[in-house]
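Using our numbering, read the sequence shown as starting at 1163 and increasing by one per residue. Even glycine gets a Cβ: it sits at the ideal position worked out from N, Cα and C. Shown next, in C-alpha cells, is the structure this report addresses.
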Amino acid sequence: MNADQLPPVAPEVTATLVETLSPRLRKRLDAAVTKLGARPAHRDGDTVTIQVDDESELRLHAPGGVVARVEDITCGCLLAPACVHRAAAACAAPTADQATEPAEQPAPKTPEPTGATEPDAAAPQETASDAQRTAADALWAAGAAVLEAGV
C-alpha cells in the first residue's frame, strides 16, 4: 500500500484519532504507520480496505472522496475502536484540503481612510541575516533530532 491508494482524511479526523490513543499506543504510532504501509490494500468504490493481519481488516470509507468523520475509519482487530491501526491509517493518508468558505458570503469591506494619509509605498521587505538563518537551521536540526529520538 502507498499513500496514493488511500483517500484524503480531514485533519480533524486524524487529530481526534491520535488524541484518543493511550500514551503507550501513541509511542508506537510511527512504527504502526510504517507497518501499515507494507500491508496490501484494495479499493472498492468509496472504500479502501487494508489487510492489517491474517484475521483483521481496516476500512477507510470516503463518501465524496474524503474521510470526513472518525466513524468512517473502522478496524476489525480486538482493540478497535481504540486501536493504533485507525490512527496509523489516518496519518498515512494524505491530508484533505480545508473546506473553503461558501462563495455567497461577500468578503468584509475594509473602510477607506478618512484622513489625507497615503500608504507607505516604500516599506522595506524584512529578510533574515546569515546569522539568523544559521541559527534557524540549527534549531530546525535540533527539533528534528528530538522528534526522531521520540521525546
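Exposed unless 16 or more other CB atoms sit within 10 angstroms - verdict on leucine 1301: It counts as exposed.
is_contact[alanine 1249, chain B] using C-beta, thresh 8 Å: The structure shown contains no chain B, having only a single protein chain.
Buried or exposed (CB count within 10 angstroms, at least 16 for buried), valine 1229: So valine 1229 ends up on the buried side.
Alanine 1194 beta carbon less than 8 Å from that of leucine 1222: The answer is no: Cβ separation not under 8 Å.
Exposure of histidine 1247, with buried meaning 16 or more beta-carbon neighbours within 10 Å: By the 10 Å Cβ count, histidine 1247 comes out buried.
Any non-hydrogen atom of the ligand SAM within 7 Å of arginine 1201 CB: Annotation note on the ligand SAM: not contained in the displayed structure, which lists no ligands.
Distance CB(alanine 1203)-CB(valine 1214) smaller than 8 Å: Cβ distance not < 8 Å, so alanine 1203 and valine 1214 don't count as in contact.
Coil, strand or helix - alanine 1203 by DSSP: Alanine 1203: strand per DSSP, three-state reduction.
Exposure label - threonine 1289; buried when at least 16 CB within 10 Å: So threonine 1289 counts as exposed.
Continuous beta strand (DSSP E) assignments of at least 3 residues falling wholly in the segment 1206-1257: List check, beta strand (DSSP E) in window: 1209-1213, 1219-1223, 1235-1237.
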